[in-house]
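Undergrad:
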Amino acid sequence: MNVSKEKSVSLWMSTKVLDEAPVLDKKDSADVVIVGSGIAGMSVAYELAKAHRDVVVLDRGPIGKGMTSRTTAHLTAQCDDGFHEMVARRGEELAKAWYESQAAAIDRIEANQKDLGIACEFRRLEGHLFHAPGTDPGILDREYEATRKLGMPVFREKGVPFAGQALTPSLRYPDQATFHPLKYLAGLAAAIRKAGGRFYAETTVEKVAENGNGVEVTTAGGHAVTAKHAVIATNSPINDRYAIHSKQAPYRTYAMAFSLPPDSLA
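Here our numbering = 1-based position in the sequence shown + 14.
Listed below in structure tokens is the structure:
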């Protein structure tokens, strides 16, 4: 999703993550090579650089301009499919670990932007869940009970800011967040580069091969990065064409932002 021919444009894309990042045109080596420069890859790279590891980040397009640049930028520890569904499918222990990991990730973003002085418009806000017309209203009861059991703060409310919905039942989740994702990535990238990390853009990875000394990542240009470890942080993993790809179906979602007067939506 981060090649130049993609047509979708988000609110964030005018922000540069890095002023410049060359194409890999030589052999390089590092402690860890990271494939993908979205929030997953950049977060891993920053944590490693902070721990004094030598890192190289590769991306097939511009740095930070993949799926992370197309996000709605809401940071939530709530599960899209609902915790009641996750508990039913995976069990309470795994669901609790999932919630705690998401909450910790939001805390880490908040701490990083504060520690590094990143002006990324981070702020805490509330999340709200309400059922759409025609859906089972009991889903809120099931979700409320499942969420409470996992330890996530949640409150029953009435009313959502749509016309005629003053008594609509809803769930309120405090301490969620939002931010400017590319301004945040720009701050991480600056810290990574300051620590000696290297970025290579427009560099498509074609092969990831493990060997007795670690791993070798080879690009479409025929150049390679050798490292002790590799992290594949692409939207879908490129090192195994069957583990995930064969289970995926192509679809797209769209988000639009408007400034509307209160109670103007029916």
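All residues carry an ideal CB built from backbone N, CA and C; glycine is no exception. Please read these numbers as outputs of a predicted model, since none were measured by experiment.
Check whether the stretch 161-169 touches the stretch 228-237, counting contact only when three or more Cβ pairs, one atom from each stretch, lie closer than 8 angstroms.
TA: no
Undergrad: Would you give the residue range spanned by the beta strand (DSSP E) that residue 223 belongs to?
TA: Where residue 223 is concerned, the enclosing beta strand (DSSP E) stretches over 219-225.
Undergrad: Output needed for residue 21: all residues of its chain with C-beta closer than 6 angstroms, excluding positions within five of it in sequence on either side, in chain order.
TA: none
Undergrad: Counting C-beta neighbours from all protein chains within 10 Å, is the total for residue 16 16 or more, i.e. buried, or is it exposed?
TA: The predicted model places residue 16 with a pLDDT of 45, which falls under 50 and marks its position as unreliable, so this point remains unresolved.
Undergrad: So which of 181, 190, 151 has the shortest CA-CA distance to residue 168?
TA: 190
Undergrad: On the three-pair Cβ rule with 8 angstroms, is the stretch 73-82 touching the stretch 39-52?
TA: yes
Undergrad: Counting Cβ pairs, one atom from each stretch, are 3 or more of them under 8 angstroms apart for the stretch 117-136 and the stretch 145-158?
TA: No, they do not touch.
Undergrad: Is it right to say residue 273 is buried, meaning 16 or more other beta carbons lie within 10 angstroms of its own, or is it exposed?
TA: Answer is exposed; the Cβ neighbour count stays below 16.
Undergrad: According to the neighbour-count rule (16 or more other Cβ atoms, all chains shown, within 10 Å of its Cβ), is residue 87 buried or exposed?
TA: buried
Undergrad: Alpha carbon to alpha carbon, how far is residue 113 from residue 69? Give it in angstroms, no decimals.
TA: 29 angstroms
Undergrad: Straight-line CA distance for residue 56 to residue 180?
TA: 42 angstroms
Undergrad: Can you tell me whether residue 188 is helix, strand or coil according to DSSP?
TA: Residue state, collapsed to three classes: strand.
Undergrad: Using only CA atoms, which one of 173, 166, 127, 101 lies nearest to residue 144?
TA: When only C-alpha atoms are compared, the closest one is 173.
Undergrad: Report the three-state DSSP secondary structure of residue 55 (helix, strand or coil).
TA: helix
Undergrad: For residue 15, does the three-state DSSP call read helix, strand or coil?
TA: Caution applies to residue 15, whose pLDDT of 44 falls short of 50 and renders its modelled position unreliable; the value that the coordinates give is listed next. Three-state DSSP puts residue 15 in coil, outside helix and strand.
Undergrad: Which residues mark the beginning and the end of the alpha helix (DSSP H) in which residue 265 is found?
TA: Element bounds for residue 265: n/a, residue is neither H nor E.
Undergrad: Would you decide whether residue 195 is buried or exposed? Buried here means 16 or more other CB atoms lie within 10 Å of its CB.
TA: Buried is the call here.
Undergrad: Is residue 107 buried or exposed, if buried means 16 or more other CB atoms sit within 10 Å of its CB?
TA: exposed
Undergrad: Excluding the five sequence neighbours on either side, which residues of its own chain have a C-beta within less than 7 angstroms of the C-beta of residue 248, listed in chain order?
TA: 49, 50
Undergrad: Quick check on residue 219: buried or exposed, where buried means 16 or more other Cβ atoms within 10 Å of its Cβ?
TA: buried
Undergrad: Taking the beta carbon of residue 260 as the centre, do at least 16 other beta carbons fall within 10 Å, making it buried, or is it exposed?
TA: So residue 260 counts as exposed.
Undergrad: If you measure between the beta carbons of residue 41 and residue 223, is that distance less than 7 angstroms?
TA: no
Undergrad: Given residue 27, which residues of its chain have a CB within under 6 angstroms of its CB, disregarding the five upstream and five downstream residues?
TA: 83
Undergrad: How should residue 262 be labelled, buried or exposed, when 16 other C-beta atoms within 10 angstroms of its C-beta is the threshold for buried?
TA: Under the 10 Å beta carbon count, residue 262 is surrounded by fewer than 16 other beta carbons and is classified as exposed.
Undergrad: Find out if the Cβ-Cβ distance for the pair residue 59, residue 206 is shorter than 7 angstroms.
TA: yes
Undergrad: Identify every residue that forms a DSSP beta bridge with residue 141.
TA: Looking at the DSSP output, residue 141 sits in a beta bridge with 187.
Undergrad: Check this for me: beta carbons of residue 192 and residue 141, under 7 angstroms apart or not?
TA: no
Undergrad: Rounded to the nearest angstrom, how far is the Cβ of residue 217 from that of residue 45, given a contact under 8 angstroms?
TA: With a Cβ gap of about 19 angstroms, residue 217 and residue 45 do not count as contacting.
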